[in-house]
Amino acid sequence: MTRFVDVSTMTRLIQEVGLTRLIGELADCIQSDFIRWPEFDKCARVANHSEIGVIELMPVANAKNYAFKYVNGHPNNTRQGLYTVMAFGVLAEVETGYPVLLSELTLATALRTCATSLMAARALARPDARRMALIGNGAQSEFQALAFHHHLGIEEIAVYDVDPLATEKLVRNLSAWPSLKIVRARSTAEAVRGADIVTTVTADKAYATIITPDMIEPGMHINGVGGDCPGKTELHADVLRGARVFVEYEPQTRIEGDIQQLPADFPVVDLWRVLAGEVAGRQSAGQVTVFDSVGFALEDYSTLRYVLEQAERRNLGETVQLVPWADDPKDLFSHTRSNAHRATMRRAA
79 MTRFVDVSTM TRLIQEVGLT RLIGELADCI QSDFIRWPEF DKCARVANHS
129 EIGVIELMPV ANAKNYAFKY VNGHPNNTRQ GLYTVMAFGV LAEVETGYPV
179 LLSELTLATA LRTCATSLMA ARALARPDAR RMALIGNGAQ SEFQALAFHH
229 HLGIEEIAVY DVDPLATEKL VRNLSAWPSL KIVRARSTAE AVRGADIVTT
279 VTADKAYATI ITPDMIEPGM HINGVGGDCP GKTELHADVL RGARVFVEYE
329 PQTRIEGDIQ QLPADFPVVD LWRVLAGEVA GRQSAGQVTV FDSVGFALED
379 YSTLRYVLEQ AERRNLGETV QLVPWADDPK DLFSHTRSNA HRATMRRAA
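Residue numbers (our numbering): 79 to 427.
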């Protein structure tokens, strides 16, 4: 049988664990899998693009489990009262192919995205970072803010969005955490000025240059989260040229990340190698570092693994017969009959 975790169950899981504790535990879970990077069979996500959005399938596996996430990205959905990003995922046994978990991943994707940003910043940002700029105040912004406040010591966040209502929503939601100072900026440049960390989480599917070279200050760390598909960028190419750039899975980031603007031989560093201690991350206090984050399937594998462990421990969700189970695995036809009829046939046999 397959454990099913829907949105209401995920909400209950978050409430039982605690939001900020869950973000920290998930960051640790993702990091533990990144350190075991060579054990996983990886590929770039399979994407189907249209003029108005993208639908993607993100698979990954190791010797024990296979996972995939279905996820969309439709920036205009908010005009219809729909979310820009929605997702669900499956975790299955490699030995049998049977699915052990079917889970909502819309909430969980926001959690794993901020947890991944946190994981990268722990390794790459200056240890004395206290001020962050948050550009893009949509669905993922609160998660990013709380991750950096509670787990990296960020005390002040300057926020900006082209949509003032998005910023109002963010400020309202974060008012429950008075220890975090929120400053409303009138422009991206104003928000970025004096920031130790800059996180961009925008949704517009366009070649954008939200962060430009004149905004960059020595020692900054930039989390470029919103540039995650072909034709969608946030950072000016010269920002990348002047920084040490880190990526999740290089073949995918070359296509989808901000580095899509640059030649194929532009040097980047695999984040997993930094986490595993194979290469250095930040090389000096004044160096500018960029995490060109596009979102990779291994992060969703880690999330599904974490959700299953917590759901089983807390007896959350329900078990469903997502795929057939039978006394005779060669008799698939029996599932065309009623349960009572199948029971009668078994007794007769």
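Virtual Cβ for every residue (Gly too), placed ideally from N, Cα, C.
No experiment lies behind these values; they were computed from the predicted model shown.
Pick from the options that is closest to residue i, judged by C-alpha positions
i, options, result
"L431", "T381, V149 and I275", "Because the chain in this structure spans residues 79 to 427, residue 431 falls outside the shown range and cannot be described."
"G297", "E103, D348 and A363", "A363"
"E129", "A141, H152 and G395", "H152"
"P291", "A267, Y285 and K283", "A267"
"V366", "A244, Y379 and G302", "G302"
"R391", "N143, L91 and A281", "L91"
"A105", "Q388, L400, T381 and D405", "T381"
"P345", "T287, Q361, L353 and E328", "E328"
"C107", "L376, L410 and P407", "L376"
"N143", "L353, E117 and T89", "E117"
"L353", "N150, T287 and V325", "V325"
"P137", "R415, Q388 and Y379", "Y379"
"R383", "R190, A284, E233 and R250", "R190"
"P341", "D316, G355 and G359", "D316"
"G373", "K147, A358, D206 and G320", "K147"
"I289", "L212, L252 and G359", "L212"
"L180", "C192, A165 and A193", "A165"
"K226", "E334, L252 and V95", "It is worth fixing the name first, because residue 226 is Phe in this sequence and not Lys. Ranking the options by Cα distance to F226, first place goes to L252."
"T277", "D409, V368 and S416", "V368"
"L349", "R81, F112 and G304", "F112"
"R81", "S416, D409 and E396", "E396"
Distance between residue j and residue i (C-alpha atoms, nearest Å)
i, j, result
"L97", "H228", "10 angstroms"
"S110", "V398", "30 angstroms"
"R204", "H299", "8 angstroms"
"V347", "S195", "16 angstroms"
"R424", "P402", "Only weak support exists for where R424 lies, its pLDDT of 49 falling under 50; the coordinates are left without a value."
"A427", "L400", "Note on A427: pLDDT 47, under 50, position unreliable in the model; the coordinate value appears next. C-alpha separation (whole angstroms): 26 angstroms."
"R157", "A404", "46 angstroms"
"Q93", "I101", "12 angstroms"
"K259", "R208", "11 angstroms"
"G272", "R322", "20 angstroms"
"R123", "T87", "27 angstroms"
"Q339", "P308", "10 angstroms"
"I294", "N126", "35 angstroms"
"F411", "T89", "38 angstroms"
"I232", "T414", "58 angstroms"
"D306", "V132", "10 angstroms"
"P407", "M79", "15 angstroms"
"D141", "P242", "Correcting the residue type first, residue 141 is Ala in the shown sequence and not Asp. Straight-line Cα distance between these residues: approximately 48 angstroms."
"R99", "L224", "10 angstroms"
"E234", "M210", "6 angstroms"
"A389", "S265", "42 angstroms"
"R114", "G320", "30 angstroms"
"T331", "S219", "22 angstroms"
"C121", "L135", "11 angstroms"
"A193", "K283", "23 angstroms"
"D119", "V249", "41 angstroms"
"V357", "R351", "6 angstroms"
Residues bridged to residue i (per DSSP)
i, result
"T367", "H299 and R322"
"N126", "I133"
"F82", "L180 and E396"
"L212", "V237 and T277"
"D119", "A139"
"M347", "The sequence shown places Val at residue 347, not Met. DSSP, once it has assigned bridges, lists F324 as partnering V347."
"C307", "K310"
Beta-carbon proximity of residue i to residue j, cut-off 8 angstroms
i, j, result
"V279", "G214", "yes"
"V240", "R262", "no"
"A199", "F221", "no"
"D336", "D370", "yes"
"V83", "L394", "yes"
"G167", "A145", "yes"
"V25", "A186", "Because the chain here runs from 79 to 427, residue 25 falls outside it and cannot be looked at."
"A286", "T311", "yes"
"A170", "Y176", "yes"
"V85", "E182", "yes"
"A244", "G216", "yes"
beta-carbon residue i near the ligand HEM non-hydrogen atom, thresh 7 angstroms
i, result
"V346", "This structure lacks the ligand HEM; in fact it carries no ligand of any kind."
Discussion item. Quick check on the DSSP output: what are the complete alpha helix (DSSP H) runs of length 4 or more inside the segment 225-252, in order along the chain?
Written reply: 242-252
Fill in: Runs of beta strand (DSSP E) wholly within the segment 125-209 (minimum 3 residues, chain order)
131-139, 143-151, 165-171 and 177-182
Fill in: Runs of alpha helix (DSSP H) wholly within the segment 247-289 (minimum 4 residues, chain order)
266-270
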